[in-house]
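Novice:
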Amino acid sequence: LSIEPIDENGSPGEEDAILNSLVVTETTVGAAGCTFDVLCTVPGLWFADANGSWDQIDPDDLGSGSINAVTEFSGGFVGVGEVFDVEEGTEEDGSDATSGPSSPALWRSTDGSTWEELPADDFGEADDDTDSRRLYSVTTVGDRLVAFLASIPEEGDIEVSVFVSDDGESWTETDTTTF
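Just so you know, we're using our numbering here: the sequence shown kicks off at 2 and counts up by one.
(1) Report buried or exposed for L23, applying the criterion of at least 16 other Cβ atoms within 10 angstroms of its Cβ.
(2) Buried or exposed for V142, going by 16 or more other Cβ atoms inside 10 Å?
(3) Three or more C-beta pairs under 8 Å: does that hold for the region 54-72 against the region 108-116?
(4) With DSSP as the reference, identify every bridge partner of D56, one or two as the case may be.
(5) Quick one, are the C-beta atoms of L146 and G125 less than 8 Å apart?
(6) Which first and last residues belong to the beta strand (DSSP E) in which F1 is found?
(7) Taking 8 Å as the cut-off, decide whether the C-beta atoms of D17 and F37 are in contact.
(8) Do I58 and C35 have their C-beta atoms closer together than 8 Å?
(9) Just to confirm, is the Cβ distance from V79 to L46 under 8 Å?
(10) What separation, rounded to the nearest whole angstrom, lies between the Cα atoms of Y137 and F149?
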C-alpha cells in the first residue's frame, strides 16, 4: 500500500486538524484526532483508500470531542477519546471560546467507514464540574481491549485507571498495583 504524504499543514487534507494516533492494518492506515476552528471540538478520522488517498470520515457521524487513539479489534476498529461542551465567547472570531470539563468517549466501526459513538458509562463520571476524565489510549492484548483513563482534577494529582473489555461495549476497571 502506497499512501499520499500528510500535507504541509500536518493532517491528511484538513488545514486545521490535530492527529493523535495512527492505526495500521494489513490493508489500510488510519489517523485519529480532531478538527477545529478555535478549539479542537470535532472528532477526526481519516483512512487511506486502496489508492493511498486519504478519506475523511463524515464528522457528523462522530459527535463532538477528540479521538485520542484507535485500534483494530475483532475485524473492525475501536476509538477512544473525550467529549466536552464548548462555551461560545463574545469575540466575533471565537478566539475567547472555552471548553468545559471532558468526559470519556468511545467509537466503533466494523469497516472503518461507518462509525457509531458508544455509551461510555462504565468509565464513571467526574467528581464535580471542574474535573475532566479522558480516555487517552486503547490497544488490543490477545482478544481483549485495554484502555487507559485519566481523571484530571482542576487541582491535585492526575489519577490513571486501566479498563479491559472483551467486546468494546462493556468495560471493567482492573487492578493497577502491578503497573
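Just so it is clear, CB atoms sit at the ideal spot from N, CA and C, and this is done for glycine as well.
Specialist: Judging by the given coordinates:
(1) exposed
(2) exposed
(3) yes
(4) F48
(5) no
(6) This structure leaves residue 1 out entirely; the chain is present only between 2 and 180.
(7) yes
(8) no
(9) no
(10) 6 Å
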